[in-house]
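Under the working numbering, the first residue of the sequence shown is numbered 96, with each subsequent residue one higher. We put the beta carbon where it would ideally sit given N, CA and C, even for glycine.
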Amino acid sequence: MKKVNIIDVAQLAGVSVSTVSLVLRNKGKISEATIDKVNAAIKQLGYVHNTAAANLRSNTSNLIGLIIRDFSDSFSVNVTASVVQHLEKQGFMVFLGQPQDEGSQLRQCLTSFAQQGVAGVIYLHADNRSSSVPELITQCPLPTVVISESSVISTRDVIGRDNRQAGNQATRYLIERGHRNIAWLGGTADCLIRQERLLGYRGALAQYGLPFRDEWAPACDNDTLAAATATRMLLEQSNKITAILCHSPPVIIGCLSGIQQVGRTVGKDVFLTQQISLIGFEDMMHINLTSPLFSYVSASSEETGRQAATLIVNKIKAPALPAQKIIISGELVLRESA
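Structural data, given as structure tokens:
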């Protein structure tokens with residue numbers, strides 16, 4: 096069987112080869128009717144556009160390198176899914192790299208990207224204990240966008256989260272519901288995400304004339320057992336607490352267990368001293384088997400991925416554009432726990 100080529104598509108659609116080429120590359124001012132005719136001919140003939148060959152001829156690339164360190168982190172996984180979805184809509188493909196360090200393996204990853212001819216790089220900053228971006232990313236000659244869960248100092252384009260706003264928003268909501276004894280649970284002491292959210296928490300307390308108590312903001316490892324133990328100790332030391340803000344999904348699940356261990360329950364009622372309201376952070380729609388369902392401040396991972404895809408494409412098209420810093424705020428999602 097003869098291999099279908101672009102000339103066959105042009106003849107069937109009744110247009111020139113150059114018009115078919117423009118449609119395939121999504122270039123030029125082509126009418127919707129002509130685009131529909133070309134796409135119908137492509138579908139009828141089963142034509143497959145050789146993007147790699149076209150890129151070689153035009154000295155362009157439709158590949159984007161995406162670097163992710165931690166697939167166990169729900170934010171990184173959700174952002175990756177969003178980046179891929181939005182880049183594919185714009186005709187780009189994602190080439191994934193997972194270096195295990197910021198030295199030799201990251202260097203090898205960037206070298207592989209260069210060998211594959213990627214047009215730009217998106218880097219998911221994994222170290223929430225440091226505000227510095229790896230030097231290899233800073234010096235990368237390709238258009239580069241950094242995504243970070245905490246504040247970073249970088250000369251590259253950056254998309255970050257407003258952790259301070261998230262902590263402040265959740266705390267203010269609880270105060271406005273009538274809570275006056277609000278605790279904070281989780282995150283290790285050196286975690287910048289925890290530190291930034293705590294600034295928002297403390298700011299909201301101060302705004303309403305409420306004291307901050309160190310003993311009511313214990314740090315703990317990001318796992319359910321550590322959170323359950325910390326919660327039990329916290330509530331045994333003070334039975335006045337009526338609400339707890341939880342650092343992450345594992346922490347809020349552990350917190351629920353710790354609350355039950357001291358004979359209390361989770362719910363919205365501020366005036367039932369037995370009940371404790373809970374609000375978590377990160378996207379927790381996948382945790383739908385708990386009772387009650389958890390309220391949380393979203394990580395806006397889908398929007399983060401969309402913004403990153405848009406930013407890297409713009410940077411590829413216009414490399415001289417000044418670096419941008421985009422900060423994305425989370426949304427308070429209210430369900431049954433607060």
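Residue i to residue j span [Cα, whole Å]
i, j, result
"residue 419", "residue 252", "5 Å"
"residue 263", "residue 407", "31 Å"
"residue 277", "residue 424", "22 Å"
"residue 204", "residue 215", "13 Å"
"residue 290", "residue 207", "36 Å"
"residue 184", "residue 178", "10 Å"
"residue 115", "residue 126", "12 Å"
"residue 324", "residue 315", "9 Å"
"residue 282", "residue 135", "55 Å"
"residue 351", "residue 190", "40 Å"
"residue 312", "residue 130", "60 Å"
"residue 188", "residue 359", "51 Å"
"residue 411", "residue 343", "35 Å"
"residue 284", "residue 355", "26 Å"
"residue 98", "residue 109", "19 Å"
"residue 272", "residue 428", "15 Å"
"residue 140", "residue 230", "49 Å"
Outcome for residue i when other beta-carbon atoms lying within 10 angstroms are tallied against a minimum of 16
i, result
"residue 246", "buried"
"residue 151", "Confidence at residue 151 is low in this model, with a pLDDT of 46, below 50, so its placement is unreliable and the value that follows should be read with caution. Under this definition residue 151 is an exposed residue."
"residue 238", "buried"
"residue 371", "buried"
"residue 377", "buried"
"residue 102", "exposed"
"residue 166", "exposed"
"residue 175", "buried"
"residue 112", "exposed"
"residue 399", "buried"
"residue 417", "exposed"
"residue 100", "exposed"
"residue 197", "buried"
"residue 199", "exposed"
"residue 260", "buried"
"residue 320", "exposed"
"residue 132", "buried"
"residue 236", "exposed"
"residue 128", "exposed"
Same chain, Cβ closer than 6 Å to residue i, neighbours up to 5 away in sequence not counted
i, result
"residue 388", "430, 431"
"residue 164", "221"
"residue 422", "255, 257"
"residue 219", "163, 171, 242"
"residue 299", "263, 266, 267"
"residue 375", "341, 347, 389, 391"
"residue 335", "276"
"residue 194", "200, 201, 204"
"residue 294", "259"
"residue 345", "317, 318, 319"
Bridge partner(s) assigned by DSSP for residue i
i, result
"residue 362", "Its beta-bridge partners do not exist; DSSP assigns none."
"residue 279", "340"
"residue 172", "None; residue 172 has no bridge partner."
"residue 188", "158"
"residue 217", "161, 240"
"residue 212", "According to DSSP, which records beta bridges pairwise, residue 212 is partnered with nothing at all."
"residue 420", "253"
"residue 374", "340, 390"
"residue 227", "248"
"residue 182", "DSSP lists no partner for residue 182."
"residue 320", "None; residue 320 has no bridge partner."
"residue 427", "392"
Integer Cβ distance of residue i from residue j, believed to fall under 8 Å
i, j, result
"residue 258", "residue 292", "5 Å"
"residue 403", "residue 217", "5 Å"
"residue 142", "residue 104", "5 Å"
"residue 340", "residue 280", "7 Å"
"residue 349", "residue 326", "7 Å"
"residue 160", "residue 123", "Not a contact, Cβ separation roughly 28 Å."
Contact set for residue i: own chain, Cβ-Cβ below 8 Å, skip 5 residues either direction
i, result
"residue 226", "245, 246, 247, 248, 287"
"residue 156", "150, 212, 213, 214"
"residue 275", "305, 337"
"residue 301", "307"
"residue 121", "186"
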